[in-house]
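Using my numbering, the final residue of the sequence shown is 470, and nothing's skipped along the way. Glycine included, every Cβ here is placed at the ideal spot set by N, Cα and C. The model shown is predicted, which means the values in this text are computed figures rather than measured ones.
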Amino acid sequence: MKKLKKQKNKRKKKLTFKKRLVKKVKKIKKKLSKSQRRKAKVASRATRRKGGKNDEVLKMERLISRGKERGFVTFDEILKEFPTIETNIIFLDELYKTLHTLGVDILEGGGLLEMPEEETGKRYAYSRGDSSYDSIQMYLREIGQYPLIAGSMEKELAKRIEGGDEDAKNLLMKANLRLVVSIAKKYANRSPDLTLLDLIQEGNLGLHKAVEKFDWTKGFKFSTYATWWIRQAITRALADQSRTIRVPVHMVETIAKYKQVVRRLTQDLGRDPLQEEIALEMNLDVEKIYQIEKIDQSTVSLESPVGNDGEDDKSKLGDFLADDKILSPDQDSSRRIISDQVKEILNDLPPKERKILEMRHGLIDGYTHTLEEVGKVFGVTRILKCPKLGFGHFGRKNCIRYKLLIGIK
62 MKKLKKQKNK RKKKLTFKKR LVKKVKKIKK KLSKSQRRKA KVASRATRRK
112 GGKNDEVLKM ERLISRGKER GFVTFDEILK EFPTIETNII FLDELYKTLH
162 TLGVDILEGG GLLEMPEEET GKRYAYSRGD SSYDSIQMYL REIGQYPLIA
212 GSMEKELAKR IEGGDEDAKN LLMKANLRLV VSIAKKYANR SPDLTLLDLI
262 QEGNLGLHKA VEKFDWTKGF KFSTYATWWI RQAITRALAD QSRTIRVPVH
312 MVETIAKYKQ VVRRLTQDLG RDPLQEEIAL EMNLDVEKIY QIEKIDQSTV
362 SLESPVGNDG EDDKSKLGDF LADDKILSPD QDSSRRIISD QVKEILNDLP
412 PKERKILEMR HGLIDGYTHT LEEVGKVFGV TRILKCPKLG FGHFGRKNCI
462 RYKLLIGIK
């Protein structure tokens, strides 16, 4: 009997302990939910004061409209709109429920399946009659046929790739072609020489490198690893092929950031921003901003026509540029006067000494010969051991004049 009573008491204690734990967990959940509600209320009040919708609501509407058009949304797209959503589990659960009720699937993997027609026309200026528009649509339709793969499948394929399986490599490549398109679209219209298809092709080369170098043992998703290789390939292509004079890759990124800042400041200020304002926004020196502007200048051909002359007699830009190598009329005339005066002074010397001075000071061909070179001409080992030799025949007045004209101290 005593044993039975002891067992019952132990059970009661266990039950009470469990109840206490459950109560504590419920209290913690309530506290968390209360704090999150407070934050949500503060955010909603702030948006009401501003007189606009909550940012989260706008982003959610954007995701839902995108999902309705295609029938699915990728997890990368959700992370792009809500970078800190993984910390807010309640909001993530609500988002999943709303998307599920609307019939929108959530898939793992990157990229957009297709470009909406409105977006295509606005951003990339491709009309329906344009051949590039048709080729892009064909490519998007083709890659849309390849299925997305889960994270566990990525690991399996990576293991097979390590063993030299080419089929696994092709599968991983095809499953992530949408990711390349989504990244390439951000770099469209950066260069007139590189179309969107060119950028996609360069991105595919970067994806191929990522497939070869992917290490599944580190625990990263393939899409996050491949993104950096794709971006690097596209930025390198823009740096190498978009300009007549190549600009380093790091400078291309700085120029792109500079243009974004200028665009934003122009919208905010309603005028062109000053270099000082741009420097403050970019946390750079003003001199660096001037350097960026200088590098960003586009090259102009000297053969480009200027004015509205007749077709046969068009003026070119090169016709209006001064030649720095040709002397100006006043410089040319002063040089001729000096050479005449030097010749007049040298005529007073014997031929041998005159020749020595002409060679030594480069008066004939502009090339100043060394003492050894002059000595070889006259069959002497080292002529003019004293450089002042030869000035004795001038006389004091002519010697000073000669030295001033030639520039000898």
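*asked:* Measuring straight from C-alpha to C-alpha, what distance separates Val361 and Lys377?
replied: Straight-line measurement puts the Cα of Lys377 at about 11 Å from the Cα of Val361.
*asked:* Using 7 Å as the threshold, is the C-beta distance between Leu260 and Ala271 below it?
replied: no
*7 Å Cβ cutoff met for Ala294 and Glu263*: yes
*How close, in whole Å, do the beta carbons of Ile139 and Leu119 come, if the pair is a contact with beta carbons under 8 Å?*
Taking the Cβ atoms as the reference, Ile139 lies roughly 14 Å from Leu119, outside the contact range of under 8 Å.
*Near Glu338, what residues of its chain come up, given a Cβ to Cβ distance below 8 Å and the 5 sequence neighbours on each side ignored?*
Leu326, Leu330
*asked:* Rounded to whole angstroms, what is the Cα-Cα separation between Arg396 and Glu354?
replied: 40 Å
*Does the Cβ-Cβ distance between Val435 and Arg421 come in under 7 Å?*
yes
*asked:* Buried or exposed, going by whether 16 or more other CB atoms sit within 10 Å of the CB of Glu227?
replied: It is exposed - the Cβ of Glu227 has fewer than 16 other Cβ atoms within 10 Å.
_Buried versus exposed call for Trp290 [16 or more other C-beta atoms within 10 Å across all chains shown]_ = buried
*Measure the CB-CB distance between Gly423 and Thr431 and report whether it falls below 7 Å.*
no
*Straight-line gap, Lys141 to Asp384 (C-alpha atoms, nearest Å)*: 55 Å
*What are the partner residues of Val403, as DSSP defines its beta bridges?*
Its beta-bridge partners do not exist; DSSP assigns none.
_Suppose you measure from the CA of Thr256 to the CA of Ser394; what does that come to, to the nearest Å?_
55 Å
*asked:* Can you find the residues in the same chain that come closer than 7 Å, C-beta to C-beta, to Tyr207, ignoring five residues on each side of it along the sequence?
replied: Lys235, Ala236, Leu238
*Would you please state the rounded distance, in angstroms, between the beta carbons of Leu233 and Phe281? I believe it to be under 8 Å.*
In fact, because the Cβ distance is near 14 Å, the residues do not count as touching under 8 Å.
*Tell me the start and end of each unbroken alpha helix (DSSP H) in the segment 353–399 that is at least 4 residues and wholly inside, in chain order.*
none
*Mind reading off the beta-carbon distance from Ala340 to Ile356? Whole number of angstroms is fine, and I expect it under 8 Å.*
Incorrect: roughly 16 Å between the Cβ atoms, too far for contact.
*At what residues does the alpha helix (DSSP H) containing Pro208 begin and finish?*
Counting along the chain, no alpha helix (DSSP H) covers Pro208, and no H or E run does either.
*Val241: which of Asn231, Leu268, Asp276 sits nearest, CA to CA?*
Leu268
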